[in-house]
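Plus 46 on top of the position in the sequence shown (first one is 1) and you've got this note's numbering.
Note that CB positions come from ideal geometry on N, CA and C, so glycine has one too.
This structure is a prediction, so every number in the text was calculated from the model and none was measured.
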Amino acid sequence: MKYFAVCTFLLFSCFASAFAQDTELQLAKQFAANGEQQKALDIYQKLYKQDNESYFGVYVNTLLELKKFDEAEGITKKMIRKHAGDHQYIITLGTAYTQQGEVDKANALYDELVRNLPPDQGEISALASQFYQNANIEYAIRIFEKGRKMLHNDALFSYELINLYRYKRDKAALTEEYLNFLPANPAFISQAENTLAGLYENAADYDILRIAVLKRIQKDPQQPLYPQLLTWQFMQQKEFDQALNQALALSRRLNDDGSSVFELCSTLEGNDAYDAAIRGYEYLISKGKDSPYYISSKIELINTKNQKVTSGKYTEDDLLSLEKNYNALLDEFGKNVNTVFAMQKLANLEAFKLHKLDEAQKILEEAVAIPGVNRTLLASCKLDLGDISLLSGKPWNATLLYSQVELDNQASAIGQDAKYRNAKLAYYTGDFTWAKGQLDVLKAATSELIANDALNLSLLISESLFADSTGAALKMFARADLLIYAEQPEKAMHTLDSIDTKYPANSLADGILMAKSRLLIQQKDYPAAVILLKKIAQEYGTGLWADDAIFMLADIYENQLSDKEQAKIYYQKIITDYAGSLWINEARKRFRLLRGDKNDAS
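This is the structure we're talking about:
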């Protein structure tokens, strides 16, 4: 019983002591956080003397912060004598020397450790880790590099060196290390590309990779990963033709199925590099009908040609040539689940560019009747069919199709699009009260674009009806809006010009300017659009369309007129003057990209 009581007492004493130490440690940390380093030091010194080794680190670091170098050296040397084989104390002594300005003495200690490095992978890693923990990146790298030589294995420590070079922002060394690492670890190529993209800042940096890869290709021309990296480098530099050349050369050498080329072509198309994408698709088609990408490439080739033509100035003959290509494709492969996307593109070409509404309606009706069509694609075709019904003067058919898509795709982006089109139909046909009710619901849509458009149209209806309860001028404006959507610019412009003549007291001045700007953009007349958008920004700076006009100006300057400085000015204006705009997040993102903020490039 007495023995039990003694044990209990000792155990309680240990717990009490540990609790007291923990309380004092927390107090010391609080003193340190408040800048009261001397008070913290007094506690650390007390704890160190009670339990020498456990509190060595915080004690010596506080001594160094207070520049009590002699004391720091003294207790560190004592620990070195006590633990002759533990290198962390030698590194700590070196840190004390460095903080006193005695760098040579510190390096002498470190060099001795490097010279006596044992040929043991575990000990090499442990020592390098100790240097890293003491923020001595250079010696950590030296130890790993020497360890490789000692163990005669250049593949060792790659992951550690990659992290160290990245931390150090040593672009050349990081590039070389990745080129050492990736051939045996190709699954890490995406990680490597993301890391390098975050570190590289200009063309000279990407040249480091290009030169290094070209040297590797000379030594190992059969390694497929090197051309893959070269392709990525050219894409980052927007040298699209060169990127495609590399991808094609690799595909030919490997005699593969062309999957990487097909994926690259899609990226090229997204970057408006239409000629390069067309060349890539033509290569895939040349591989023959047995190629898995033959049909897809045929379809995408025509779609890319479509984008190329319609994104610039085009003639009637250009459009008719595209129509002929789509029909030839459908004749070759038939109208089936694999060609529905091409059928949809053809219908849009006929409806909005060639104004062949009956032909467009017929092909979309055939498309939606094909069994097994992807749910989202089917819904998209039905929405387009609804648009064509609207343009054909059949609003009842249009609203039935929109409502069907909305019902079948509730709470999804395409369902919200259908709801928005139904609201827009009511607006076009003059049912402003019902339209506004639907638009007010859509102001909370998950799609920012739909939410912004719904908000603007709702406010337009409110402001116009407040100024004119009959809505006569607004009905005329809505007709012009529908003509813009139908891509009938002459009729739309005439209708817009007639509003002021017929209803001189209308409140739609800035809306008319915005509609005319959209017409000019549709016709690719960007300089003329800029004039009208600037007028909105200057004369109606607090109006409904001000932030939209400013964002559109920035977008035109950035992507159409190649004036990055002007684009930055207008993106900045959105950020500073229109904090409540739905464009603010996109404006901030684009502004930072133009300014060169690497963290926002993703």
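Check: Does the distance from the CB of F286 to the CB of A230 come in under 7 Å?
Finding: Indexing the sequence shown from 1 puts residue 286 at position 240. Indexing the sequence shown from 1 puts residue 230 at position 184. Cβ distance not < 7 Å, so F286 and A230 don't count as in contact.
Check: Thinking just about the alpha-carbon of each residue, which of D486, D477 and L566 is nearest to the one in M522?
Finding: For the purposes of this step, residue 522 is taken as residue 476 along the sequence shown, with counting starting at 1. When only C-alpha atoms are compared, the closest one is D477.
Check: In chain order, what residues of the same chain have a beta carbon less than 7 Å from the beta carbon of N498, not counting five sequence neighbours either side?
Finding: The residue you call residue 498 lines up with position 452 of the sequence shown. Excluding positions up to five away in sequence, the list reads L628.
Notebook entry, point to check: In whole angstroms, what is the alpha-carbon distance linking A38 and I496?
Noted result: As shown, the chain starts at 47 and ends at 648. That puts residue 38 outside it, with no answer to give.
Margin query: Give the list of continuous alpha helix (DSSP H) stretches no shorter than 4 residues that lie fully inside the segment 188-267.
Written below: 204-214, 217-227, 235-245 and 249-265
Notebook entry, point to check: Fully enclosed by the segment 496-561, which beta strand (DSSP E) runs are 3 residues long or longer?
Noted result: none
Note to self: Here's the rule I'm using: 16 or more other beta-carbon atoms within 10 Å means buried, otherwise exposed. How should N502 be labelled?
What the structure shows: By one-based count along the sequence shown, residue 502 stands at place 456. Buried, since its Cβ has 16 or more Cβ neighbours within 10 Å.
Note to self: Any contact between the segment 151-163 and the segment 109-124? By contact I mean 3 or more CB pairs, one from each, below 8 Å.
What the structure shows: Result no; under three Cβ-Cβ pairs closer than 8 Å.
Checklist line | Contacts around A388, its chain only, beta-carbon distance under 8 Å, and the 5 residues preceding and following it disregarded | finding: The count along the sequence shown starts at 1 and reaches residue 388 at position 342. Excluding positions up to five away in sequence, the list reads I345, I348, N349, Y372, L375 and L376.
Note to self: Excluding the 5 residues flanking K217 on each side, which residues of the same chain have their C-beta closer than 7 Å to its C-beta?
What the structure shows: On the sequence shown, position 171 is the one that residue 217 refers to. The beta carbon of K217 sits closer than 7 Å to those of L245, Y246, D251 and I254, all from its chain and outside the five residues before and after it, given in chain order.
Notebook entry, point to check: Between D546 and N552, what straight-line distance do the alpha-carbon atoms span, to the nearest angstrom?
Noted result: To locate residue 546, count along the sequence shown from 1; it is residue 500. To locate residue 552, count along the sequence shown from 1; it is residue 506. Roughly 7 Å separates the two Cα atoms.
Item checked: Sub-7 Å separation of D109 and E117 beta-carbons -> Numbered from its first residue, the sequence shown carries residue 109 at position 63. Numbered from its first residue, the sequence shown carries residue 117 at position 71. Residue identity check: residue 109 is Leu in the sequence provided, not Asp. Contact: yes.
Next item on the list: Assign K512 to buried or exposed, taking buried as 16 or more other Cβ atoms, counted over all protein chains shown, within 10 Å of its Cβ.
Entry: Here residue 512 refers to the residue found at position 466 when the sequence shown is read from its first residue. According to the sequence provided, residue 512 is Phe. The question's Lys does not apply to it. So F512 counts as exposed.
Note to self: Less than 7 Å between the beta carbons of Y586 and D543, yes or no?
What the structure shows: Counting from one through the sequence shown, the residue named residue 586 turns up at place 540. Counting from one through the sequence shown, the residue named residue 543 turns up at place 497. No; because the gap between Cβ atoms is not below 7 Å, this pair is not in contact.
Notebook entry, point to check: How would you write the range of the alpha helix (DSSP H) that D308 sits in, first residue to last?
Noted result: Numbered from its first residue, the sequence shown carries residue 308 at position 262. In the sequence as displayed, the identity of residue 308 is Phe instead of Asp. Residues S305 to G316.
Next item on the list: Report the three-state DSSP secondary structure of Y143 (helix, strand or coil).
Entry: Within the sequence shown, residue 143 is the residue found at index 97, counting from 1. DSSP places Y143 within a helical segment (H, G or I) once states are collapsed to three.
Margin query: Helix, strand or coil, according to DSSP, for W278 in the structure here?
Written below: Here residue 278 is taken as the residue at index 232 of the sequence shown, counted from 1. Three-state result, W278: helix.
Checklist line | Beta-carbon contacts of K470 that lie in its chain and below 8 Å, excluding the five residues immediately before and after | finding: Taking the first residue of the sequence shown as 1, we reach residue 470 at position 424. Answer for K470: A481 and L503, listed in chain order.
Check: In terms of residue numbering, what span does the alpha helix (DSSP H) encompassing F398 cover?
Finding: Taking the first residue of the sequence shown as position 1, residue 398 is located at position 352. First-last for F398: undefined, no H or E at that position.
Item checked: Cutoff 7 Å; reference A293; Cβ partners in own chain excluding five residues on either side -> Within the sequence shown, numbered from 1, the residue matching residue 293 stands at position 247. Taken in chain order, the residues that qualify are T277, S306, V307 and L310.
Check: Taking Cβ to Cβ, would you say G432 is nearer than 7 Å to Y448?
Finding: Translated into positions along the sequence shown, residue 432 becomes position 386. Translated into positions along the sequence shown, residue 448 becomes position 402. Going by C-beta atoms, G432 is nearer than 7 Å to Y448.
Next item on the list: Determine whether the Cβ of Q268 lies closer than 7 Å to any Cβ atom of chain D.
Entry: Among the chains of the structure shown, chain D does not appear; only one protein chain is present.
Note to self: Using only the alpha-carbon positions, how far apart do R638 and S510 sit?
What the structure shows: Here residue 638 refers to the residue found at position 592 of the sequence shown. Here residue 510 refers to the residue found at position 464 of the sequence shown. Distance between the alpha carbons of R638 and S510 is about 37 Å.
Check: Quick one: what's got a C-beta closer than 8 Å to V149's C-beta in the same chain, skipping five residues either side?
Finding: Position 103 of the sequence shown, counted from the start, is the residue given in the question as residue 149. Result list for V149: Y143, in chain order.
Notebook entry, point to check: Are E223 and I235 close, meaning C-beta to C-beta below 7 Å?
Noted result: As a first step, residue 223 must be located in the sequence shown, where it is residue number 177. As a first step, residue 235 must be located in the sequence shown, where it is residue number 189. Their beta carbons are not under 7 Å apart, which means E223 does not touch I235 by this criterion.
Checklist line | Cα-Cα separation between A425 and A181, rounded to whole angstroms | finding: Taking the sequence shown and counting its residues from 1, one reaches residue 425 at position 379. Taking the sequence shown and counting its residues from 1, one reaches residue 181 at position 135. Using only the alpha carbons, I get a separation of about 58 Å.
Check: Straight-line CA distance for N162 to F177?
Finding: Looking up residue 162 in the sequence shown gives position 116. Looking up residue 177 in the sequence shown gives position 131. When rounded, the distance between both Cα atoms is 15 Å.
Next item on the list: Below 6 Å CB to CB, which residues in the same chain sit around Q279 once its five sequence neighbours on both sides are set aside?
Entry: Taking the first residue of the sequence shown as 1, we reach residue 279 at position 233. So the qualifying residues of the chain are Y252, L255 and R256.
Checklist line | Nearest-angstrom Cα separation, counted from L271 out to P232 | finding: Sequence index remark: in the sequence shown, residue 232 carries index 186 (1-based). Sequence index remark: in the sequence shown, residue 271 carries index 225 (1-based). Those two C-alpha atoms are separated by around 7 Å.
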